[in-house]
Each structure stands twice: as structure tokens, then as C-alpha cells.
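Chemist:
Residue numbers (this note's numbering), protein chains in the order written: chain A, -15 to 122; chain B, 432 to 931.
#1: I'd like to know whether the C-beta of residue 64(A) is nearer than 8 Å to at least one C-beta of chain B.
#2: Would you mind telling me which residues of chain D sit closer than 8 Å to residue 845(B), beta carbon to beta carbon, in chain order?
#3: Taking Cβ-Cβ distances below 8 Å as the criterion, which residues of the region 10 to 31 of chain A are in contact with chain B?
#4: Quick one: grab the DSSP three-state call for residue 620(B).
#5: Would you mind sorting residue 437(B) into buried or exposed? The rule is 16 or more other CB atoms within 10 Å of its CB.
#6: If you check the beta carbons only, do residue 733(B) and residue 696(B) fall under 8 Å apart?
#7: Return no unless some Cβ of chain A is closer than 8 Å to the Cβ of residue 614(B).
#8: Is there contact between the region 801 to 808 of chain B and the region 625 to 644 of chain B, where contact requires at least three CB pairs shorter than 8 Å?
#9: Does the distance from the C-beta atom of residue 545(B) to that of residue 735(B) stay below 8 Å?
#10: Classify residue 770(B): buried if its beta carbon has 16 or more other beta carbons within 10 angstroms, exposed otherwise.
#11: Using 8 Å as the Cβ pair cut-off and three pairs as the minimum, do the region 611 to 625 of chain B and the region 825 to 835 of chain B touch?
#12: In or out: residue 774(B) buried (at least 16 other Cβ within 10 Å) or exposed?
#13: The alpha helix (DSSP H) with residue 671(B) in it runs from where to where?
#14: The alpha helix (DSSP H) spanning residue 773(B) covers which residue range?
#15: According to DSSP, is residue 613(B) part of a helix, a strand, or is it coil?
#16: Determine which residues of the region 66 to 98 of chain A have a Cβ less than 8 Å from any Cβ of chain B, and write them out in chain order.
#17: Count the CB pairs spanning the region 540 to 559 of chain B and the region 838 to 852 of chain B that are closer than 8 Å, and state whether there are at least three.
#18: From residue 496(B) to residue -6(A), what does the alpha carbon distance come to, in whole angstroms?
#19: Listing by chain order, which chain B residues have their CB less than 7 Å from the CB of residue 46(A)?
#20: Just to confirm the assignment: which complete alpha helix (DSSP H) runs, minimum length 4, are found wholly within the region 526 to 607 of chain B?
#21: Residue 7(A) versus chain B: which residues are under 8 Å apart at the beta carbon?
#22: Between residue 790(B) and residue 559(B), which are expected to be in contact by the criterion C-beta below 8 Å, what is the C-beta distance as a whole number of angstroms?
#23: Locate the alpha helix (DSSP H) running through residue 874(B), then write down its first and last residues.
#24: Please compile the residues from chain A whose C-beta is within a distance smaller than 7 Å of the C-beta of residue 776(B).
#25: Whole-angstrom Cβ separation of residue -10(A) and residue 596(B), contact assumed at under 8 Å?
#26: Relative to the C-alpha of residue -8(A), which candidate in 13(A), 100(A) and 92(A) has its C-alpha closest?
#27: How many Å lie between residue 920(B) and residue 582(B) at the Cα?
#28: Taking the alpha-carbon of residue 709(B) as reference, which of 649(B), 763(B), 519(B) and 480(B) has the nearest alpha-carbon?
#29: When the Cα atoms are used, what is the spatial distance from residue 824(B) to residue 652(B)?
#30: Skipping 5 residues on each side, what residues in its chain have a beta carbon closer than 6 Å to that of residue 713(B)?
#31: Work out the CA separation of residue 71(A) and residue 533(B) for me, nearest whole Å.
#32: Closest to residue 430(B) by C-alpha separation, out of 866(B), 571(B) and 535(B), would be which residue?
#33: Would you call the CB atoms of residue 901(B) and residue 574(B) closer than 8 Å?
#34: In the DSSP assignment, what residue or residues form a beta bridge with residue 714(B)?
#35: Specify, as a first and last residue, the run of the alpha helix (DSSP H) that residue 850(B) falls within.
#36: Can you pull the chain B residues whose beta carbon is under 9 Å from the beta carbon of residue 50(A), in chain order?
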């Protein structure tokens, strides 16, 4: 968030005139000030925890799984842009159900096929709406 | 008013609109029983699908969802001690002990009666207030709108008292994002980096899909496992006992409905606050408060009446001022915008009939969800057994397709994903998402109001206290800040001084 606010301020000063940037920089400086308070209180809390021997480790969040899930979604978007919605959705569902969802290949295959078919039926046939075909096929 | 109400009822009671309303009710009940999803997620997923629908059908669908999610959430709250939506958490307190005593059906019967009664009360109150709301709205000029936007942001940021600084940071980031795009005041473009896509600003609908639907699904996907594992307590005898008990405790229903309507109209307070205030006030008013939490039927009636009454209350600031009082209303505001309506004073003047239709839809959906909830209890409870790791990819895919379908721009997919990841990171690091969303919605109103006020007052800040309405809002802003700050200051005083 700190990086975002600093980047925002730099962009405001380098690309905008004084009138356009007036309100955005006002909001940015206020956010920057609040981030300072938040960082300071965070450090004080972690310092207090260190003194009392509390490691303060967040053990409830599986970081590896987090990365896998987020990467799978990024891959889905990449797939959508390259090959279009239909193939990307099918592959994403198949992989995420088997790999992340621990489902059998048959179950994942049937679910991915049915879901892809449902999306095709609803959007392409039902609503006559063409989904993005992807850079490779457009 | 009666003519408008009858016309609106006729609009809703057509075959097609009723079908959409019922579809919304069923969708709301299904989503309601899945903990973590809630009305906001359901609306965010369905929002793009309403594109191309007649506005009245879209509002019936949305009204059906909003009016029934709470009823769905109460089912799992009572049966498996898992609130389907956050406001249903108060229902767990006495609902689950009732289920453990074999009185689940009684509790569900009470829920199915108290919810529609609360909804009806909210509707009547809103109908009584609405004619005067128009006159009130006409008293609002740019300074009042700016102050109202500030008030909305502050109350929402302060609503999570344990996380105020982070709430304000989220609001600040939301404001910063709201300033992306063409600046109608100075005429320049801001933070577009030469992209035409960003010329109109960060699109609201894909952002909402990302921040709510995507975020929740990423969370569910990461946490894994099924939502619930135990549906043994689904027994359906004794429903009528609960129905009769609700009418017997009409004072509890009335109190809950009043609290729900008032709290619902306060931006940022939200349904959870309404249901817990209703629960605790009922408990405090009872001669035996110590028995609450052991399976008292009043402990189920009070929060459920408040839960449905709050929807009509929350409509008032959303429609009259364009200030969504909750995340659900923020997404609903997106649906209104998607259908060419701009919530705010003009909405109240130009689309009066639509507003009445929406109120009718909300009320009817509350009644319908009560009836359908009882019929579908057993099947709805089965939804909780679907594994998160299976449900999440399906919803993610639907959300992305929906985001693209809004206006066929691939950029929407990227915005939804980025907002989904941002939302997840905010969840992960305990930053509230609602202030960001509200700021994204209110940013432009606040800036325009500020700039126009400065022009009106020729740079004099006195313009912000130049009318009775603006003075009242300024007092409200400082009262909100005082309400938050005074207990903090008291806590910081040395213990010896406090004892003295």
C-alpha cells in the first residue's frame, strides 16, 4: 500500500497539472499519514510481542496453497487472453479440481465439461453473446 | 403514493418479473446457506448477467436476492451453528441451542415468520418517509453532498472500531482509485497512462465482482474443505409452534424491526450491527436475561426481524443520496448504474415508480423466502456440504465471464482479478474492504461537491456551514468522530485517575 501511494504521488506530480492533481494528492497525503500511523503501531505491537516472547506468527494461513491458488487464477487470465474463454475455462477447471481440489480425474473432467457447456449454452446460444476468443484465435 | 404503490405492485406481479423475483429468492436462499458468500457476493456474481434485462426484471432479481439471503443464512445458523451471512451470527446464539434441544423446526418457523414481518415493517416505514425524502433531497446542494460523502466515508471507516486506522487507509486508497480517469472539473486525464480503457475511470462493476465474489472464492479455495459436514439436525416437526411464538412475541418483532430500519439507514452500521443491537436490547428488556443463549425463541425472533427490516432502511441513503449504507447496497447501486439510473436526488424525482417497485420486490421476496425457506430447508442445507475447493473454481469462472459480459471489454477481466487479489490481501492483512468500495463509489461525488462548493463560496470554507442541513451534517461528522475518540481517550487515562 505504501508503494502504491508513493507511486501514485510520483505519477500525480509528473503527469498532471496543479488543478487536476489537487484533490488526488490531498487524499494521497492523508493515506500516507495514516499508513505511517499503521506501520508505527504495527512495529510497536511486534516489538512488544518480541519482548514478551510471543512469536506472533500467523500459522493459520497456508502460504504455499495461497500462492498456488493465486497463480492458478493468473494462469486462467493468461489463458483467457491467449486462447479465449472456452479453452481456458475448461483447462482451469480440470487442473484446479484435480490438483487443488483433490478430486478424481473423472469427476474433474465431467465437471469441467458440464460447466464449459453451460457457459457456452447460456452466453453464446442463449444470450447470443460472443465471449472473447483470445489473441491466438481472433 | 397509493397510486404509485399499486402501479409498482402491478409492475412486479407480471409473469416474467415474478419469475425473476422467484429466481432471485431461490438464488438468495441458496447463497445464504453458504457461509462466507452472502448477498453481496450473490449480487456481484449476478450483476453482469442482468445486463440486457429489462430494469424492472433486474431489480426484481436483485430484490429477491437481498430479501432472501438472510432467511437462507438463518437456516445454517440454526441447524449447524454456522451463520450463512454475517448478520445471522446473532441468530446462532439461541437458534443453535434450540436445534440441539430438538427444536430446530420451531426456531426455523420463528425465523420464517419474523423475517417477513420485519420486511413488512421496513416497507411501511420507508413508504411513510419517502414522500418527505424528496423535499429533504431538494435541500441538498454541492456543499451538503460533499459533507454527506465525508460523513458516509467516516461512519463506514469507524464502524469497525478495532480497525479504524486501517478502515481510513482503505477509504483513502478507494478515493485515490476513484480519481483515475477523465477529470470533469479540470478537463485533464488522470492516471490513465494513455489507456482508453481507464478514461472513464476504474469500472465499478468488475471492481465489485473482484472485491467481493473473487475475494471470497479465493479465500474459500485456499481454506479448502467443505463448508459444513453435519446436517443431522434437519428435523421438520414443530414449525407452527415457532410461527405462533412469533406472533405471541409481537413486541420483540416490533422492537427488532424498528432497530433494523433505523440502523439500516445509517451508512456503515450494517446488518450485523442491527441484529446484535436487536438481540441485546431484547435480552436486556427481558426479566430473565441470563436464560438467553440457552435456546430462547425471542433470541431468534429479535435478530431475524431486524435483519430484514434493515434492507428497506438501507435503501433510503442509497437511492436518495447515492450513498450505499452497506456492501450489499454498494453492489446494488452498481446494478442501478448498469441500467442507466443514477442514484441520488434525481433518481428520487425521475424514477419514483422504480423505487416503489423495488420496495414491493424486497417485501414480497421477504415473504416468499419465508415460505420457500420452510419448503426447501432440507435441500438448502445440503449446499453446505459442497467442498470449497470445488465450489470456488466454478464461481471464479462465472465471475470472470460475467465481468467480461458487461461491455465485452477484456480489461474488465483484469480489473476483476486485480481487485480480487487486492481484496484477498486486504482480508489476509485485516484491512476492511467496505470503506474502499464506498470510497470508490463516493470519490467522484465528494470531489465534484468539493470543487463546486469552493467555486460557489469563492474559496471560503464557510460555505460548508452555510445552511441548516450542512450544519447538521457537520455536527454528525464530529459526533461520529467523538463517539469513536472519547472511549479511546478514556481508556488512555491512567487507571488511578479513572478510579477517582
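In this text, a Cβ means the ideal position worked out from N, Cα and C, and glycines have one as well.
Modeler: In short:
#1: Yes - at least one Cβ of chain B is within 8 Å of the one on residue 64(A).
#2: Absent from the structure is chain D; the protein chains it does hold are A and B.
#3: 11, 12, 14, 15, 18, 19, 21, 22 and 25
#4: strand
#5: exposed
#6: no
#7: Using a Cβ-Cβ cut-off of 8 Å, residue 614(B) counts as an interface residue toward chain A, since at least one Cβ of chain A sits closer than that to its own.
#8: no
#9: yes
#10: With 16 or more other Cβ atoms inside 10 Å of its own Cβ, residue 770(B) counts as buried.
#11: no
#12: buried
#13: 670 to 679
#14: Note, residue 773(B): premise wrong, no alpha helix (DSSP H); not H, not E.
#15: strand
#16: Listed by position along the chain: 69, 73, 76, 77, 80, 81, 84, 85, 86, 87 and 95.
#17: Touching, no, given that fewer than three Cβ pairs across the two stretches are closer than 8 Å.
#18: 43 Å
#19: Within 7 Å Cβ-Cβ: 653.
#20: 535 to 569 and 573 to 589
#21: Neighbours of residue 7(A) on chain B, chain order: 610, 878, 881 and 882.
#22: So it is not a contact: roughly 11 Å between Cβ atoms.
#23: 865 to 887
#24: None at all; the shortest Cβ gap to chain A is about 22 Å.
#25: 19 Å between Cβ atoms; not a contact.
#26: Residue -8(A) has its Cα closest to that of 13(A), out of 13(A), 100(A) and 92(A).
#27: CA-to-CA, the gap between residue 920(B) and residue 582(B) works out to about 22 Å.
#28: Nearest option by C-alpha distance: 519(B).
#29: When rounded, the separation of the alpha-carbon atoms in residue 824(B) and residue 652(B) is 8 Å.
#30: 683, 729 and 733
#31: Rounded to the nearest angstrom, the two C-alpha atoms are 50 Å apart.
#32: What the structure shows of chain B is the stretch from 432 to 931, and residue 430(B) is not part of that stretch, so it cannot be assessed.
#33: Yes.
#34: Note: residue 714(B) sits in no beta bridge, so no partner.
#35: 842 to 859
#36: In chain order: 649, 653, 855 and 859.
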